[in-house]
Amino acid sequence: MDEVLSVRGLSKRYGQGCPACYELTGPRFETNLCPRCGSVVAAHDVSFSLYQGEILGIMGESGSGKSTAVKCLYFDEPPSAGSAEFFDQGEAYQLFDLNKAQQRRLANQRFGMVYQNPHLGLNFDISAGGNIAERLLMSNVDNYAKIRQRAISLLSRTEVLAERMDEMPRNFSGGMQQRVQIAKALATNPPLLFLDEVTTGLDLSVQAAILDLILEIQQQSRTSMIVVTHDLGVIRLLADRTLVMKYGRVIESGLTDQILEDPQHAYTQRLVASAL
Amino acid sequence: MKQQLVLSVEGYSKAFSLHEQGTVIPSAKDVSLQVYSASLTALVGPTGAGKSSILKGIYRTYLATSGQLFYTMQSGEQVDLVQADEHLILTLRRNEIGFVTQFLHFLPRQPTELVVAQPLIQRGRPVEEALAVARDMLAAMNLPRRLWSISPATFSGGEKQRVNLARGLVARPRLLLLDEPTASLDPITCERVIRQIEELKKEGVAMLAIFHQPELVKRIADRVVELEPPLNGQTQLEDIA
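Residue numbers (our numbering), protein chains in the order written: chain A, 450 to 725; chain B, 19 to 259.
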């Protein structure tokens with residue numbers, strides 16, 4: 450198996466920061482707010498490896514830092530410390546050492562991102578098809594017929610009716626917007642996909658359909674994925690391995706069935722015990 | 019066929035530290051056993067002796083509290099399953115180590131035949147081919163044909179167990195862990211399962227199985243390991259901290 454992503458010591462701090470930030474925050478202090486300088490330690494010392502075709506779950510409640518970690522990797526936020534190496538087509542990229550243009554190229558062509566909030570992932574002022582076209586244009590596909598054909602095939606794969614591709618995303622239901630977002634993320638066949646709470650807030654039946662779609666993509670394309678969620682059911686269904694985060698720290702990691710059946714940390718034990 | 023050592027469990031113990039309750043629940047205690055190719059090692063003993071904990075420890079669903087689990091891989095290399103990297107464990111689960119648990123875990127909304135074919139598909143077998151093998155095994159397990167194309171979600175306990183066995187058996191692993199494989203089966207299906215186990219033995223598969231029926235153990239086990247329940251009950255977490 451090939452390694453796709455190697456993250457080491459990733460940290461993200463909001464605020465001016467002081468030498469005590471990392472020492473006085475975390476699960477032990479039950480806060481991620483530094484008592485000295487008031488900075489927020491959103492994530493600290495997050496490390497993991499992701500292999501080809503693997504789905505890694507990052508689980509934790511709101512404010513645990515799980516989304517922050519992914520946002521840093523997708524270049525939405527610059528990290529405060531740490532490194533991330535991405536292995537792709539025989540090349541190795543130190544993600545945080547790249548310049549803006551290089552980062553944009555990777556984000557557009559080799560990564561896919563699906564946000565909980567479709568407003569972040571989609572441009573609501575252009576049609577569903579236009580959203581996909583935009584991403585293809587940014588990765589240098591510029592033949593109109595080709596782009597339209599690809600958009601149709603992506604939307605049909607994610608079960609969005611091709612007849613609706615010229616409609617604005619705002620006319621779509623929440624589940625449909627997520628499907629368009631997934632289609633857009635898949636447009637360039639990226640080897641790495643980030644999924645941030647993609648089923649949160651959707652009806653159960655719609656959640657099920659989206660999760661089935663994600664599994665199907667993983668099986669057909671061997672896409673590596675990082676799935677961020679607070680939902681144990683999503684983790685159980687999708688993830689091979691899982692990191693559990695709390696107050697910005699990874700408190701536990703392991704094979705998903707082990708995390709769910711033999712959790713070691715008091716917090717994970719409580720989390721698993723409180724699952725419906 | 020020459021029997022080779024596939025798995026050596028050495029001084030394996032498992033205890034659960036429950037933080038909320040502040041207690042430690044002991045399960046398996048200092049267990050040592052060997053599993054050889056082309057043979058079946060039976061685990062017997064009363065409920066609570068930690069039989070399932072050993073199987074789950076080998077599969078890494080549980081983390082060992084102490085001890086070692088030396089597994090000889092297909093490549094001939096030996097690895098301690100307690101320490102091995104998670105990615106290696108995932109690879110071994112896919113290619114070498116199978117586990118038929120008492121409960122069927124399956125993806126929702128998937129037809130039974132696809133659930134059973136899954137291990138083969140994951141190894142890269144073409145879907146149609148994998149489905150054909152799966153159907154043969156479902157027939158061998160005596161599962162009515164009308165159930166093959168629907169999800170096992172609504173199946174009875176016995177039906178689910180047959181699906182579970184079928185999935186474990188199609189995979190043809192090198193090491194197969196079986197947790198009470200015949201517990202809720204009727205006598206006819208039970209016979210068929212035994213025949214399949216004999217077949218696997220001939221193919222060289224190493225098996226570690228939990229059984230409760232002594233007559234079954236007598237019939238198919240090559241080695242028997244008897245576990246005693248841990249003597250001391252639960253202890254307070256702070257006593258050992």
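We treat Cβ as the ideally placed atom computed from N, Cα and C, and that holds for glycine.
CA-to-CA distance, residue j to residue i, given in whole angstroms
i, j, result
"K178(B)", "D98(B)", "32 angstroms"
"G697(A)", "V677(A)", "14 angstroms"
"F535(A)", "R559(A)", "10 angstroms"
"A657(A)", "F124(B)", "14 angstroms"
"A518(A)", "L459(A)", "7 angstroms"
"D645(A)", "E28(B)", "42 angstroms"
"T226(B)", "L195(B)", "Residue identity check: residue 226(B) is Leu in the sequence provided, not Thr. Between L226(B) and L195(B), the C-alpha separation is close to 5 angstroms."
"S78(B)", "V629(A)", "Checking the displayed sequence, the identity of residue 78(B) turns out to be Arg instead of Ser. The straight-line gap from Cα to Cα measures roughly 38 angstroms."
"L161(B)", "D204(B)", "12 angstroms"
"P199(B)", "T119(B)", "8 angstroms"
"Q707(A)", "D240(B)", "30 angstroms"
"Q21(B)", "E216(B)", "15 angstroms"
"T607(A)", "I631(A)", "7 angstroms"
"V801(A)", "R457(A)", "Any property of residue 801(A) remains undetermined from this structure, which presents chain A solely from 450 to 725."
"I675(A)", "L505(A)", "5 angstroms"
"L73(B)", "L122(B)", "16 angstroms"
"L641(A)", "T691(A)", "17 angstroms"
"C483(A)", "I666(A)", "41 angstroms"
"G222(B)", "I212(B)", "15 angstroms"
"T649(A)", "P567(A)", "11 angstroms"
"D680(A)", "A724(A)", "9 angstroms"
"L58(B)", "T83(B)", "26 angstroms"
Other residues of its chain near residue i: CB distance less than 8 angstroms, five sequence neighbours each side excluded
i, result
"A259(B)", "The predicted model places A259(B) with a pLDDT of 42, which falls under 50 and marks its position as unreliable; any figure quoted below should be read in that light. Excluding residues within five positions, none has a Cβ falling inside 8 angstroms."
"S605(A)", "A611"
"C486(A)", "G464, Q465, G466, C467, A469, C470"
"W166(B)", "P129, T130, E131, R153, L156"
"G176(B)", "S202, L203, D204, T207"
"L686(A)", "L660, L664"
"L547(A)", "L555"
Residue i, enclosing alpha helix (DSSP H) - first and last residue
i, result
"Q630(A)", "623–635"
"L331(B)", "In the structure displayed, chain B extends from 19 to 259; residue 331(B) sits before or after that span and is not available."
"Y716(A)", "715–722"
"G75(B)", "69–77"
"K520(A)", "515–522"
Residues of its chain near residue i, where Cβ-Cβ distance is below 7 angstroms and the 5 sequence neighbours each way are ignored
i, result
"F573(A)", "M617, P618, R619"
"M562(A)", "Y523, G570, A634, F643"
"E114(B)", "M91, Q92, P191, R192, L193"
"K461(A)", "A491, A492, T517, C521, E526, P528, S529"
"E246(B)", "G63, A67"
"V647(A)", "V563, Q565, Q627, I659"
"M155(B)", "V134, A184, L187, V188"
"E428(A)", "Here chain A comprises residues numbered 450 to 725, so residue 428(A) is not present and cannot be evaluated."
N- and C-terminal bounds of the beta strand (DSSP E) containing residue i
i, result
"I596(A)", "First-last for I596(A): 593–606, but that is the alpha helix (DSSP H), not the beta strand (DSSP E)."
"R613(A)", "That residue, R613(A), is in no beta strand (DSSP E); it is neither H nor E in DSSP."
"E244(B)", "241–244"
"V677(A)", "673–678"
"L51(B)", "49–54"
"V456(A)", "452–463"
"H568(A)", "Segment 567–570 is the alpha helix (DSSP H) holding H568(A); no beta strand (DSSP E) there."
"I43(B)", "41–44"
Sequence-distant residues of its chain with Cβ nearer than 6 angstroms to residue i (five each side left out)
i, result
"P712(A)", "Q718, V721"
"L149(B)", "E131, A135"
"R584(A)", "K633, A636"
"A189(B)", "G116, P137"
"V495(A)", "L459, A518, V699"
Closer than 6 angstroms: residue i CB and nearest the ligand NAP heavy atom
i, result
"T207(B)", "Inclusion of the ligand NAP in the displayed structure is not the case, the ligand content being empty and no account of it being possible."
Cβ pair residue i, residue j closer than 7 angstroms
i, j, result
"Y500(A)", "E452(A)", "yes"
"S70(B)", "K32(B)", "no"
"G578(A)", "M694(A)", "no"
"R112(B)", "Q140(B)", "yes"
"I581(A)", "A600(A)", "yes"
"V53(B)", "V24(B)", "yes"
"Y30(B)", "A46(B)", "yes"
"L51(B)", "V235(B)", "no"
"L651(A)", "G623(A)", "yes"
"N557(A)", "S576(A)", "no"
"I238(B)", "L61(B)", "no"
- Query: Going along the stretch 125–142 of chain B in order, which residues come within less than 8 angstroms of chain A, judged by CB to CB distance?
  - Reply: L125, P126, R127, I139
Anything in the stretch 105–117 of chain B with a Cβ closer than 8 angstroms to a Cβ of chain A? List those residues in chain order, please. H105, I107, L108, T109
What residues in the stretch 673–707 of chain A have a beta carbon less than 9 angstroms from any beta carbon of chain B? R685, L686, D689, R690, S702, G703, L704, D706, Q707
Check: Relative to chain B, which residues along the stretch 644–675 of chain A have a C-beta separation below 8 angstroms, given in chain order?
Finding: A657, D661, L664, Q668
Which residues, in chain order, does the stretch 477–503 of chain A contribute to contact with chain B at a C-beta distance below 7 angstroms? Y500
* To do: Give the residues from the stretch 30–53 of chain B that approach chain A closer than 9 angstroms (Cβ to any Cβ), ordered along the chain.
  => K32, F34, S35, L36, H37, E38
Practice prompt. Compile a chain-ordered list of the residues in the stretch 597–624 of chain A whose CB is closer than 7 angstroms to at least one CB of chain B.
Written response: none
- Task: Below 9 angstroms between beta carbons is the criterion; list the residues of the stretch 78–90 of chain B that meet it against any residue of chain A, in chain order.
- Result: R78, T79, Y80, L81
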